[in-house]
Amino acid sequence: MSAQADSANEVISSHHRRIATAGDAGMDSVAGGIGHHQRARSFMEAPDGSISALTPLEMGRHELYEELPFLAVPGMQKKEHNLSVAFSSYAAALDTLETDEYLESTTGMGMNPEEKERRTSQMSLMLLDELEADAITVTTPLIFAVLIASLSSFNFGYNISVMNAPEPFVFPGHSTGAWSIAVAAFCVGGPIGAVLAGKWADERGRRGALLLTTWIYIIGGLIQALAPSLVMVMAARALIGVSSGASTVLVPIYLGELAPPNLRGVIGTMTQFACVVGILFADIVGFVLANAKGWRWMFSLTAVMAILQLLLTPFLLESPRWLLGKNPKSSKARFIIKKLRGFRYDEEVETEVDHYLGASKTQFLDSDSDKGKKNVMAEMF
């Protein structure tokens, strides 16, 4: 490349050090140097037919919202990383193309292939850092919400294992069959809670549904701790099973709708992590309380943990996706998004709201398309 082209490229970099954050390359004017540097934008059609103009970086984030389900489950890190790489490569190529065109129009000399490759590589890395910035941007409200919701999974794990250690001391003289029923009653309530959880989440909101399961944990835990007979323990176990089954559905949904897309996989591990820690906690507690005098205290910890969760519910934010689904103009949803993401400006909040709404519409249309395919297959057979 000529010395003139190198000089112009140097001015571009010094004028806007973060040129890659929008695939920036278009210049409006040159008057004694480089004029206003306008952010390159691409136009895309939303699922409802509207047209929106997004920078390549915003398009990449929008695609993450559309492609990654609103569910916090482990194993999504690779998918979101592949999406980030694809869009950073696209934006870098766009930046290189527009920079080359600008230099061609102002200096008469464009970049040679080696310089294009070097610039594309540098811009791709910078954009990838921007797209994955959420991986290190974790706000306090998000941490609190994740931990409080995870207490439901912890209680679920605790009740999986709590019946193991105190078996010889709980109403001595019971038969093996009776004890087996008491243990298995938990599994009877589980599917019922899982089936009901979706309805609760839609009608009461994600936060309201989690609070309902917390109250069921409290009632079931108290009945189990104060049970006058093994039959009451069975009933309490079934009730706790309902809340546990609901928790396995509600917690991943709630965490997925709160977390940014490239944190859903990481946060998704909290569901399993809290569950296995609860199992471990039950075994540890069993060393101390698994005796004739302590088994009721051991059972009461279910209610104690649920009461603790209830006391912390002021920090349990409602899902912004559920609020926007009920009312796209919800000011409460925008306030929660601002807290969760740590945004400072309303423009950032509105962009995030557009990502939520666009992703919800896209996934709704995909769901309808899948239903249509299933109906076709049903008619064929």
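So the number in the working numbering is just where the residue sits in the sequence shown, counting from 1, plus 680.
Where a beta carbon is used, it is the ideal one built from N, C-alpha and C, also for glycine.
- Counting C-beta pairs with one atom in each stretch, the stretch 959-971 and the stretch 837-844 have three or more that are closer than 8 Å, which means they touch.
- By alpha-carbon distance to methionine 803, the top candidate from Thr819, Ser924 and Ala771 is Ala771.
- The way I'd put it, the stretch 983-1001 doesn't touch the stretch 853-866; fewer than three beta-carbon pairs between them come closer than 8 Å.
- From the listed residues Ser860, Lys1009 and Leu930, the smallest Cα separation to glutamate 883 is found for Leu930.
- DSSP places phenylalanine 995 within a helical segment (H, G or I) once states are collapsed to three.
- In this structure the stretch 991-999 lies against the stretch 871-887, because at least three pairs of beta carbons, one per stretch, are closer than 8 Å.
- Closest by C-alpha distance to serine 1040, out of Arg1001, Thr786 and Cys955, is Arg1001.
- Restricting attention to alpha helix (DSSP H) runs no shorter than 4 residues, the stretch 920-1000 encloses them at 944-969 and 975-991, ordered along the chain.
- Residue Ala915 holds the alpha-carbon nearest to the alpha-carbon of glutamine 904 among Ala858, Leu1003 and Ala915.
- Arginine 1024 counts as exposed, since fewer than 16 other C-beta atoms from the protein chains shown sit within 10 angstroms of its C-beta.
- Under the 10 Å beta carbon count, arginine 798 is surrounded by fewer than 16 other beta carbons and is classified as exposed.
- By the criterion of a C-beta distance shorter than 6 Å, phenylalanine 836 is surrounded in its chain by Ser924, Ser927 and Cys955, once the five residues flanking it on both sides are discounted.
- Distance from the CA of tyrosine 782 to the CA of threonine 951, rounded to the nearest whole angstrom, comes to 51 Å.
- With a cutoff of 7 Å on beta-carbon distance, aspartate 780 and methionine 791 are scored as near each other.
- In the three-state reduction of the DSSP assignment, glycine 1022 falls in the coil class.
- Contact between serine 1010 and leucine 1004 holds, with the beta-carbon distance rounding to 6 Å and staying under 8 Å.
- The three-state reading of DSSP puts glutamate 1027 in helix, counting H, G and I together.
- With a threshold of 16 other beta carbon atoms within 10 Å, serine 860 falls short and is exposed.
- Lysine 1009: not part of any alpha helix (DSSP H); DSSP gives it neither H nor E.
- Inter-residue distance for glutamate 1032 and isoleucine 1017 is about 8 Å (C-alpha atoms, whole angstroms).
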